[in-house]
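Participant:
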Amino acid sequence: MLFQPGNKSELSDYWIEEFNLKFSESYPESPNLYNPIHPIPEDPVYELNSLCKQAVTIHSNFPVSALLIINKGSIHGVNVEVEAWSLGLCAERVAISRALAAGINQFERMHVAAPKSEFCSPCGACRQVLNEMMPKSMIYLHHDNRSVSKHFAEHLLPHGFTSGSLKNR
Ligand code: THU
């Protein structure tokens, strides 16, 4: 817990006792902790496989990883499952959400891997979001045996829903 001199409120003593807080004079050194941008990897497959170790797959044991490439780097996503089964997040949408939350909305391409599947294929919800956020960008699906297929995001969801389909009556 960080309590710097002059930073104490009238409740500080209460919180310190309640939670047995320790004092620290400075923030830990970790300049990149809040920066989601990583270098563009030379070998996306190696990077995707390493990234899968961070996937949280308490139900499926099926890790998925995504690398969202922007002009100056790459943003990581993994699938994150939670106790309430249906609330889990997919790797592709985690990567896109991380980028958007950091103010980045220009996406060049995405690499996706699901090393425990023979054929890597984004789910319908991810296809919708990919089609909305980066329709003209290439999605690289990394399959078994290092084979890869490339698809424009818009081709992964033919006749997908757009709000332009709503009739304004
Ligand atoms: N999953 C993804 O992360 N991306 C997809 O496009 C397909 C499915 C995850 C969700 C869940 O954690 C696990 O794979 C099994 O469905």
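So for the sequence shown, my numbering puts the first residue at 2; every next one is plus one. From the three backbone atoms N, C-alpha and C, an ideal C-beta is built for every residue, glycine too.
Please find out if some non-hydrogen atom of the ligand THU comes closer than 6 Å to the beta-carbon of Pro116.
Facilitator: False, no ligand heavy atom lies under 6 Å from that Cβ.
Participant: Hey, could you find the ends of the beta strand (DSSP E) Arg110 is sitting in?
Facilitator: Counting along the chain, the beta strand (DSSP E) containing Arg110 begins and ends at 110-114.
Participant: Are the region 127-140 and the region 85-101 touching, with three or more C-beta to C-beta distances below 8 Å?
Facilitator: They touch, by the three-pair rule.
Participant: Taking the DSSP output, what are the residues bridged to Leu139?
Facilitator: First, the residue type needs correcting, since residue 139 is Met and not Leu in the sequence shown. Answer is Arg110, Phe153.
Participant: Check whether the Cβ atoms of Lys117 and Phe63 lie closer than 7 Å to each other.
Facilitator: Closer than 7 Å, so yes.
Participant: Using the Cα positions of Asn132 and Pro45, report the straight-line distance between them to the nearest angstrom.
Facilitator: When rounded, the distance between both Cα atoms is 22 Å.
Participant: Just to check my reading of the structure: Val65 and Asn80 have Cβ atoms closer than 8 Å, yes? What is that Cβ distance to the nearest angstrom?
Facilitator: Indeed, because the Cβ distance is near 5 Å, the residues count as touching under 8 Å.
Participant: Is any heavy atom in the ligand THU found nearer than 6 Å to the beta carbon of Phe120?
Facilitator: No - the ligand THU has no heavy atom lying nearer than 6 Å to the Cβ of Phe120.
Participant: Give a single yes or no on whether Cys53 has its beta carbon closer than 6 Å to a heavy atom of the ligand THU.
Facilitator: Outside the cutoff, so no.
Participant: Taking just the CA atoms, how far does Ala115 sit from Thr58?
Facilitator: Computed Cα separation, rounded: 12 Å.
Participant: Under the assumption that Pro123 contacts Ser75 (Cβ atoms under 8 Å), give the Cβ distance between them as a whole number of angstroms.
Facilitator: Actually they are not in contact, since the Cβ atoms of Pro123 and Ser75 sit about 18 Å apart, beyond 8 Å.
Participant: Under three-state DSSP, which class holds Gly104?
Facilitator: Here Gly104 sits in coil by DSSP.
Participant: Does the ligand THU have even one heavy atom less than 6 Å from the beta-carbon of Ala100?
Facilitator: It does not: the Cβ of Ala100 is nowhere closer than 6 Å to a heavy atom of the ligand THU.
Participant: Assign Ser75 to one of three DSSP states: helix, strand, or coil.
Facilitator: Strand at Ser75.
Participant: Among the candidates Gln129, Leu69, Leu88, whose CA atom is the shortest distance from the CA of Pro37?
Facilitator: Of the candidates Gln129, Leu69, Leu88, the one whose C-alpha sits nearest the C-alpha of Pro37 is Leu69.
Participant: Compare the Cα-Cα distances from Cys121 to each of Ile97, Val149, Gln107, Ile105 and report the closest residue.
Facilitator: With distances taken between Cα atoms, Cys121 lies closest to Val149.
Participant: State yes or no: is the C-beta of Glu133 nearer than 6 Å to some heavy atom of the ligand THU?
Facilitator: Result no, Cβ not under 6 Å from the ligand THU.
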